[in-house]
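Here is the structure we will look at, set down as structure tokens.
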Amino acid sequence: MTLRQAQGDRDDFPAGTVWLVGAGPGDPELLTRKAERLIRSASVVFHDALVGPGVLDLAASGARLVHVGKRSGRHSKDQATIDRLIVEAALAGERVVRLKGGDPSIFGRSMEELNACRAAGVRARICPGITAASAAAASLGTSLTLRGFARKLVFVTAHACAGEALDLDWHSLADPMATLAIYMGKAAAGEVARALLAHGLPANTPVAIVENASLPSEQTLSTRLDLLPLAMLACAGTGPALLLIGTAMNHSPLAAAKMQGSDVHAFAEQAS
Ligand SMILES: C[S@@+](CC[C@H](N)C(=O)[O-])C[C@H]1O[C@@H](n2cnc3c(N)ncnc32)[C@H](O)[C@@H]1O
Numbered sequence: 619m620t621l622r623q624a625q626g627d628r629d630d631f632p633a634g635t636v637w638l639v640g641a642g643p644g645d646p647e648l649l650t651r652k653a654e655r656l657i658r659s660a661s662v663v664f665h666d667a668l669v670g671p672g673v674l675d676l677a678a679s680g681a682r683l684v685h686v687g688k689r690s691g692r693h694s695k696d697q698a699t700i701d702r703l704i705v706e707a708a709l710a711g712e713r714v715v716r717l718k719g720g721d722p723s724i725f726g727r728s729m730e731e732l733n734a735c736r737a738a739g740v741r742a743r744i745c746p747g748i749t750a751a752s753a754a755a756a757s758l759g760t761s762l763t764l765r766g767f768a769r770k771l772v773f774v775t776a777h778a779c780a781g782e783a784l785d786l787d788w789h790s791l792a793d794p795m796a797t798l799a800i801y802m803g804k805a806a807a808g809e810v811a812r813a814l815l816a817h818g819l820p821a822n823t824p825v826a827i828v829e830n831a832s833l834p835s836e837q838t839l840s841t842r843l844d845l846l847p848l849a850m851l852a853c854a855g856t857g858p859a860l861l862l863i864g865t866a867m868n869h870s871p872l873a874a875a876k877m878q879g880s881d882v883h884a885f886a887e888q889a890s
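To convert, take the position in the sequence shown, counting from 1, and add 618; that gives the working numbering.
Structure (structure tokens):
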């Protein structure tokens, strides 16, 4: 590898190029330096709903900011429209940043956008970002993998098409030596808990719920698998939330402290 390659190519954003940029979990300080440079250089930024204002503030004053976000059940633009918009902007000679929450390659529909660009002859590249699971584990003060306890880390989406049951391999997910990082899992948390219990994961498996990880509005709640449906009732927030399930969560000092006086246990006692 040459020194120039190692330092990155500074001519990597000519007019007519698309960069799919990971905006990280929300805190602007969790952006990569490359992401910041690309955002500052863009003439147009197409951004998700989960990209925070602190990140968008980095765009040049003359840049166009276009919200194309999708939040569960509230789609502002469908995927085909987003694909078309970024391709049209690039073909018009813009320097296009497609800014996505977290890491673009994790539940980010990146492949559709890359394929649309490639089909139109538009150069498209990816700048990775910090995914929500990493930010959530950092907030909890624990590790996603843990020698002797969690030798497998699984990124799972619990988003199902309206009215459909989750189509997941529960047998392999119910592994006591795994950490499950469940994205888009708020609505399906009860279904997830029931399925994992039915496939043999112990009832006392620790679960952490982290909402708005890395943002000032961050909330964390610790519970156990059998109490997860009740815990979700206690999570009244509307922000994005990540569920972390697995023994590694027992090693969070924050989780342990919260588990003892947890509202969830009070909830469970009232309900029983
Ligand atoms: C469409 S997925 C995108 C994931 C993103 N590409 C990533 O790598 O984090 C959206 C889901 O990510 C999770 N998420 C994103 N930002 C989050 C945050 N700041 N705190 C907690 N969960 C977050 C939530 O589960 C949310 O429903």
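Every residue, glycine too, gets a C-beta built ideally from N, C-alpha and C. Nothing here was measured: the structure is a model prediction, and the numbers come from that model.
Name the residue from the options whose alpha carbon lies nearest to the alpha carbon of residue i.
i	options	result
Ser832	His665, Leu758, Ile744	Leu758
Gly766	Ala866, Leu656, Ala660	Ala866
Ile704	Pro671, Pro794, Arg741	Arg741
Gly803	Ser790, Leu674, Cys779	Cys779
Gly808	Glu654, Leu861, Glu836, Gly672	Leu861
Ala826	Ser752, His817, Leu648	Ser752
Arg812	His665, Ala641, Leu846, Arg743	Leu846
Leu843	Pro834, Gly670, Ala816	Ala816
Glu712	Ser659, Leu798, Ala641, Gly670	Ser659
Pro632	Gly640, Ala710, Arg702	Ala710
Cys853	Ala805, Phe664, Val810	Ala805
Just to check my reading of the structure: residue i and residue j have Cβ atoms closer than 8 Å, yes? What is that Cβ distance to the nearest angstrom?
i	j	result
Ala776	Leu764	Actually they do not touch by this definition, with Cβ atoms about 23 Å apart.
Leu683	Gly719	Actually they are not in contact, since the Cβ atoms of Leu683 and Gly719 sit about 15 Å apart, beyond 8 Å.
Ile700	Val686	5 Å
Thr823	Ile863	6 Å
Thr760	Asp721	About 20 Å; that fails the 8 Å criterion.
Asn830	Gly644	7 Å
Thr841	Ala849	4 Å
Glu731	Arg716	6 Å
Leu791	Leu814	6 Å
Run through the DSSP bridge pairs and tell me what residue i is partnered with.
i	result
Ser870	The partner list for Ser870 (beta bridge, DSSP) is empty, contrary to what the question assumes.
Gln697	For Gln697, which the question treats as bridged, DSSP gives no partner whatsoever.
Lys718	Gly640
Pro824	Arg842
Cys745	Val639
Arg651	Answer is none; Arg651 lacks a bridge partner.
Glu829	Gln837, Ala859
Arg682	Val662
Leu764	Ala768
Got a sec, what are the start and stop residues for the alpha helix (DSSP H) residue i sits in?
i	result
Ser661	Here Ser661 belongs to no alpha helix (DSSP H), and DSSP marks it neither H nor E.
Leu786	Taken as a continuous stretch (DSSP letters only), Leu786 belongs to no alpha helix (DSSP H), as it is neither H nor E.
Arg812	807 to 816
Val686	First-last for Val686: undefined, no H or E at that position.
Pro671	671 to 674
Ser752	750 to 758
First and last residue of the beta strand (DSSP E) that includes residue i?
i	result
Arg736	No beta strand (DSSP E) holds Arg736; the alpha helix (DSSP H) holding it covers 728 to 737.
Ala799	796 to 801
Ala859	859 to 863
Leu771	770 to 775
Taking 9 Å as the CB-CB limit, is residue i close to chain B?
i	result
Glu809	Among the protein chains of the structure shown there is no chain B, as only one such chain exists.
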